[in-house]
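Participant:
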């Protein structure tokens, strides 16, 4: 901990010492005639402080006075750096202004002089800093700080291995023996298998304890078989079973499914006593565990399974003996473990300088072995070498940043996120350590009120976790941080984010800001001129805001290095004086709507990355300005190349010398009214030849008829992806087959190409196979392409995995003959394409849409997915295609009018998904031969042979979706008492002749969780057995007017959500006849009642709904006039209430709403006139009122203080009463953090 702080302070002081003797700073101070004694004193004072810094950093752990001293030193160092930055900025300003001594600049000069630091008391600021440093220096003797204190150098920690090193384990002997007693054969168990969970928090050593047990010699004597499996967070029964078999040295090939593997495991365990350790288990699904455990019961009695997990719920699911709770290490054992890693096995007494640090760290470890190891290893790093140590050679900032991050990751400060490979997270202990080191200098704002973050005068760096609405209360303490250097937004999951204008007001006076991020705030549409006050700003991020313009005062921020405007789609121009920002390194304007770049872009000579360079007609920077930007790297998009009048200007861009450019996009721009100058465009493209280091190339809307020689030249050996788009005048393709590293090729909109021939492969000149590395190839929208000529060698495309040909209506022939690695083939809208499909032994997915001329032959046996649409194939062709497909998993048939029956023979037992759409001639009776189906989707008006759908005939079905089937009349069980354990979703839509469910005699659907009935206008009733659907959670019934009631036995007790819409008889039985007994459904949390003409004056009746209800939607009850007070009082769990389209609703009673309500929505209630007193509960968070034109005012008293958001739309009378500072109700709502009036947002 001390080393991190020491590295920071040491590096900061080194920077100050260097800058004091920096030429411009020295000359400027002397030029302003500051007293020489001040300048002469600053450097030795800093050196004296630095001399005792090492000792101070070590003693601050145990001495709070020293800790206060180091914190104050950090504060002074920050102020000193700000002072020198101010001097440097003044020097830079003088330099730049001297280059712009025009008449207009004289006016600007007066503006600059207004914030001349030397007129603001520079000398007094320097005196103040020296005084504070002198005071701190005088304190060193009182605190006993010694000069030039150095500790022992430490060693680099070696990474741990998967094997247990028993010498590296402390304090676990007793725990090990306790579990060994449970494994002892003499300790007979009542269970066939004893499952022993070891539970404890992360880093406690559960895995280490299990390893000790697993490697104990007694285990080999007690058990015939043993296996170790790290299960991980993603529980996969197949992988776990396979690993157990491998651990037991059981041989098998890689083609078995889970059933076969479990049979094999059952055979291996049969009659054998075994020990299996399942490490790092997270699975909470009981059924997944039972699925995995089914082979374990074949083992001998007293077999054991040890499970390590952090979660008590996991243990509860798996255990059949009491859980073993692992405790933390004792302080003594934790110290031993820490010392072993911190001091490399030597005695800690040999490192007295680190003893105090180590003891303090061990206390923070809280007995966690992992923390002791990790932090002990960190302490071994040499204290005089830190990541933040200042380097004399600045080098490239981005490269240094990447190296720093890599080093931190290797030291386990960061861990790669399992969700996104590009994201990293910090372990909680490392986060605690970082917070401890940074103290009050760094703060993280979270939540509407800022969370636990305490902003003080010392706060220099602030990160803000964005909420949907960042309200003014969140930033109320921001004014205290007068020396703030960083304000950084951390993106949240909210799609849109809004911020109070109070934040902008606070930030514009933070003259010391270096980093400012306002990214993601969608209500920021302009930037104040005051941005020019932030003269030290290095990084400004306005990405994904609605910014429309940038003030020219931005161009006075001479230290600005990064300007990020990505996704600012309303921004159409950059400030005209952008050329003055000569320190700019990074300019991100991707996703903006710029018409041109400002003039003088070539003056930004240090620019490393500019995402887009937009060329305009006559005005703005020309393309030759790019030639002056010699350090460009990464990606570059040049837009508007149609405006380049002279090819020599393109040559001056000098792309061929930009060796670090990896991605290049060249776009001419859309111009459909003219053909362009083919020769001119080709000459321009010829001169835009990039360096051969290029990896990704896009050429779009190019108007030439041919590509220059460099496109496709074999010297571009690093290109991995290439895209040619909308080059409609090109008549031939470049020799792209010569690119040895090309993996992805996309060609679209080249409507002038008639033949893809030998030139595409390289004219037979290449010494290697054409397209030797290509994996993905796509042709789209090739309007006149007629023929694909066979390559002169059969060895083309040896690695191609995906081929897509889309919307090539004139293509007649021919596809490549043999593609040995092809996995996915998609052909769409190619109605003239004839011939055979390529021979593709590795094919997994095939999509054929509107390509009726193809000759279809038997497909490869490994095919997994087949999608055929708009085809004229008949039954025999389909059967012939599928005859070898023994591994087929999914089939989709759309609009195949000639298919009359499905194949009856060689039905693949692997088929899991079948989707049939608009196959009007098909007889569906054969569908019940496909007994392996798990998902069935039928969407067709004519469903011959499907008058009845017997659910029990497809025992593996999980999801059924039938739509628009006029022939369907019954849903039946097929077999009396049949058991359907897999079905979880049943959706029937627009089946006009469906009459009823014939399953009264019994269909046990134990896992059915969702039933949806939509527009089944003839359906008379629900299944009478519905009450016995034990897992049913969601029931949706829409536009089923003939259903009169629910089953006599009632509804399933576990229902969580019911939606009833446009089904008047059913709604009448619920509201007026009260036949549903909803109050008995104690699991019900969500209820939608929508669109009904049922007569009702008042709703709902008392105790109509269960008290468990959390969300209630009342929509389109057109005859509803008032709401019943008593109907809501018992709804003590209700949090969301939505009243929509109740056009006759006039009033609501006072005190109607329960005290649990958080969200209340009133929408399109045109006759609602008032809201009574005390109507709104003090639990309410959000009130939304829309399209209530007669509603005039809020309740007479102040709205609940709990309200965080009020939204009023299309309600003019109410809006007038509530207007800001004007309306009669303003005082009653002004305390609400977020208020919306139509398009106006007050926050």
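In my numbering, the protein residues as written are 16 to 1258. Glycine included, every Cβ here is placed at the ideal spot set by N, Cα and C.
1. Can you tell me whether residue 476 is helix, strand or coil according to DSSP?
2. Between residue 1248 and residue 516, what straight-line distance do the alpha-carbon atoms span, to the nearest angstrom?
3. Can you tell me the Cα-Cα spacing of residue 300 and residue 196, whole angstroms?
4. Is residue 1168 closer than 9 Å to residue 1190 when the C-beta atoms are compared?
5. Compute the Euclidean distance between the alpha carbons of residue 1066 and residue 965, then round it to the nearest angstrom.
6. Along the beta strand (DSSP E) that carries residue 1146, what are the first and last residues, could you check?
7. Whose C-beta lies closer than 6 Å to the C-beta of residue 1072 among residues of the same chain, with five residues either side of it excluded?
8. How about the stretch 282-289 and the stretch 310-327: do they share at least three Cβ pairs that are nearer than 8 Å?
9. Report buried or exposed for residue 233, applying the criterion of at least 16 other Cβ atoms within 10 angstroms of its Cβ.
10. Compare the Cα-Cα distances from residue 755 to each of 763, 226, 370 and 784 and report the closest residue.
11. How many whole angstroms separate the CB atoms of residue 224 and residue 191, which I take to be in contact at a CB cut-off of 8 Å?
12. Quick check: the Cα distance between residue 535 and residue 252, rounded to an integer number of angstroms?
13. Residue range of the beta strand (DSSP E) that residue 258 falls in?
14. Within 10 angstroms of its Cβ, does residue 358 collect 16 or more other Cβ (buried), or is it exposed?
15. When we look at the beta-carbon of residue 331 and count the other beta-carbons within 10 Å, is it buried (16 or more) or exposed?
16. How big is the Cα-Cα spacing for residue 1008 and residue 1079?
17. Once the 5 residues before and after residue 1217 are set aside, which same chain residues still bring their CB inside 7 Å of it?
18. Go ahead and pull the three-state DSSP assignment for residue 161.
19. Can you look up residue 1219 in the DSSP assignment and give me helix, strand or coil?
20. Distance check for residue 559 and residue 1215, CA to CA, integer angstroms please.
21. Runs of 4 residues minimum, wholly inside the stretch 1154-1194: which ones carry the alpha helix (DSSP H) assignment?
22. Out of 229, 1203 and 776, state which residue places its alpha-carbon closest to the alpha-carbon of residue 1229.
23. Taking DSSP's pairing of strands, which residues face residue 150 in a bridge?
24. Does residue 400 come out as helix, strand or coil in the three-state DSSP assignment?
25. By how many angstroms is the C-alpha of residue 550 removed from the C-alpha of residue 543?
26. Out of curiosity, what's the CA-to-CA distance linking residue 1162 and residue 963?
27. At the 9 Å Cβ level, is residue 632 part of the contact set with chain C, yes or no?
28. According to DSSP, is residue 873 helix, strand or coil?
29. Using 10 angstroms around the beta-carbon of residue 1003, count the other beta-carbons present and answer buried if the total reaches 16, otherwise exposed.
30. Quick one: grab the DSSP three-state call for residue 938.
31. Going by DSSP, name the residue or residues bridged to residue 1248.
32. With respect to the alpha helix (DSSP H) encompassing residue 356, which residues constitute its N-terminal and C-terminal limits?
33. Return the CA-CA distance between residue 180 and residue 240, expressed in angstroms with no decimal places.
34. From the DSSP output, read off the bridge partner residues of residue 1267.
35. Tell me the DSSP secondary structure of residue 842 in three-state form.
36. So, helix, strand or coil for residue 209, using DSSP?
Facilitator: The structure says:
1. Numbered from 1 along the chain shown, position 461 holds the residue referred to as residue 476. The answer is strand: DSSP assigns residue 476 an E or B state.
2. As a position in the chain shown, residue 1248 is number 1233, starting the count at 1. As a position in the chain shown, residue 516 is number 501, starting the count at 1. Spanning the two alpha carbons is a distance of roughly 12 Å.
3. Taking the chain shown and counting its residues from 1, one reaches residue 300 at position 285. Taking the chain shown and counting its residues from 1, one reaches residue 196 at position 181. Straight-line measurement puts the Cα of residue 196 at about 29 Å from the Cα of residue 300.
4. Within the chain shown, numbered from 1, the residue matching residue 1190 stands at position 1175. Within the chain shown, numbered from 1, the residue matching residue 1168 stands at position 1153. Result yes, Cβ atoms of residue 1190 and residue 1168 sit closer than 9 Å.
5. Against the chain shown, residue 1066 aligns to sequence position 1051. Against the chain shown, residue 965 aligns to sequence position 950. Going by the C-alpha atoms only, they are around 22 Å apart.
6. As a first step, residue 1146 must be located in the chain shown, where it is residue number 1131. Unbroken run through residue 1146: none, as it is neither H nor E.
7. Reading the chain shown from its first residue, position 1057 is the one you call residue 1072. Once the five neighbours on either side are set aside, the close Cβ partners of residue 1072 are 1049 and 1101.
8. The count of Cβ pairs closer than 8 Å, one atom from the stretch 282-289 and one from the stretch 310-327, reaches three, so the stretches are in contact.
9. Here residue 233 is taken as the residue at index 218 of the chain shown, counted from 1. Classification of residue 233: exposed, given that the 10 Å Cβ count is below 16.
10. By one-based count along the chain shown, residue 755 stands at place 740. Answer by Cα proximity: 784.
11. Counted from its first residue, the chain shown places residue 224 at position 209. Counted from its first residue, the chain shown places residue 191 at position 176. Correct: roughly 6 Å between the Cβ atoms.
12. Residue numbering aside, residue 535 sits at position 520 when the chain shown is read from its first letter. Residue numbering aside, residue 252 sits at position 237 when the chain shown is read from its first letter. Whole-angstrom Cα-Cα distance: 42 Å.
13. For the purposes of this step, residue 258 is taken as residue 243 along the chain shown, with counting starting at 1. Premise fails: residue 258 lies in the alpha helix (DSSP H), 252-262, not in any beta strand (DSSP E).
14. As a working note, residue 358 is residue 343 in the chain shown. Its Cβ being crowded by 16 or more others within 10 Å, residue 358 is buried.
15. Residue 331 sits at position 316 when you count from the first residue of the chain shown. Exposed, since its Cβ has fewer than 16 Cβ neighbours within 10 Å.
16. Taking the first residue of the chain shown as 1, we reach residue 1008 at position 993. Taking the first residue of the chain shown as 1, we reach residue 1079 at position 1064. Each residue's alpha carbon lies about 19 Å from the other.
17. Position 1202 of the chain shown, counted from the start, is the residue given in the question as residue 1217. If we look at residue 1217 and ignore the five residues flanking it on each side, its Cβ neighbours are 1193, 1194, 1195 and 1196.
18. Here residue 161 corresponds to residue number 146 of the chain shown, with the count starting at 1. Correct three-state label for residue 161: coil.
19. Position 1204 of the chain shown, counted from the start, is the residue given in the question as residue 1219. Shown here, residue 1219 sits in coil according to DSSP, grouped into three states, outside any helix or strand.
20. Along the chain shown, one-based indexing puts residue 1215 at 1200. Along the chain shown, one-based indexing puts residue 559 at 544. In a straight line, the C-alpha of residue 1215 is about 34 Å away from that of residue 559.
21. Entirely contained in the stretch 1154-1194, not one alpha helix (DSSP H) run reaches 4 residues.
22. Translated into positions along the chain shown, residue 1229 becomes position 1214. Checking every option, the nearest Cα to that of residue 1229 belongs to 1203.
23. Within the chain shown, the letter at position 135 stands for residue 150. Beta-bridge pairing links residue 150 to no other residue.
24. Counted from its first residue, the chain shown places residue 400 at position 385. With a pLDDT of only 34 at residue 400, under 50, the local geometry of the prediction cannot be trusted, and no value is derived from it.
25. Translated into positions along the chain shown, residue 543 becomes position 528. Translated into positions along the chain shown, residue 550 becomes position 535. When rounded, the distance between both Cα atoms is 14 Å.
26. Working through the chain shown from its first residue, we reach residue 1162 at position 1147. Working through the chain shown from its first residue, we reach residue 963 at position 948. Each residue's Cα considered, the two are about 49 Å apart.
27. This model lacks chain C altogether, as it is built from one protein chain only.
28. Here residue 873 corresponds to residue number 858 of the chain shown, with the count starting at 1. Looking at residue 873 - three-state DSSP - the assignment turns out to be coil, as it is neither helix nor strand.
29. Here residue 1003 refers to the residue found at position 988 when the chain shown is read from its first residue. Buried: at least 16 other Cβ atoms inside 10 Å.
30. Position 923 of the chain shown, counted from the start, is the residue given in the question as residue 938. Note: residue 938 maps to strand in three-state DSSP.
31. Taking the chain shown and counting its residues from 1, one reaches residue 1248 at position 1233. Paired residues: none, contrary to the question.
32. Within the chain shown, residue 356 is the residue found at index 341, counting from 1. Unbroken alpha helix (DSSP H) run through residue 356: 346-357.
33. As a first step, residue 180 is located in the chain shown; it is residue number 165 there, counting from the start. As a first step, residue 240 is located in the chain shown; it is residue number 225 there, counting from the start. Those two C-alpha atoms are separated by around 23 Å.
34. No answer is possible for residue 1267: the residues shown for the chain start at 16 and end at 1258.
35. Counted from its first residue, the chain shown places residue 842 at position 827. If DSSP states are grouped into helix, strand and coil, residue 842 belongs with the strands.
36. In the chain shown, residue 209 corresponds to position 194, counting from 1. If DSSP states are grouped into helix, strand and coil, residue 209 belongs with the strands.
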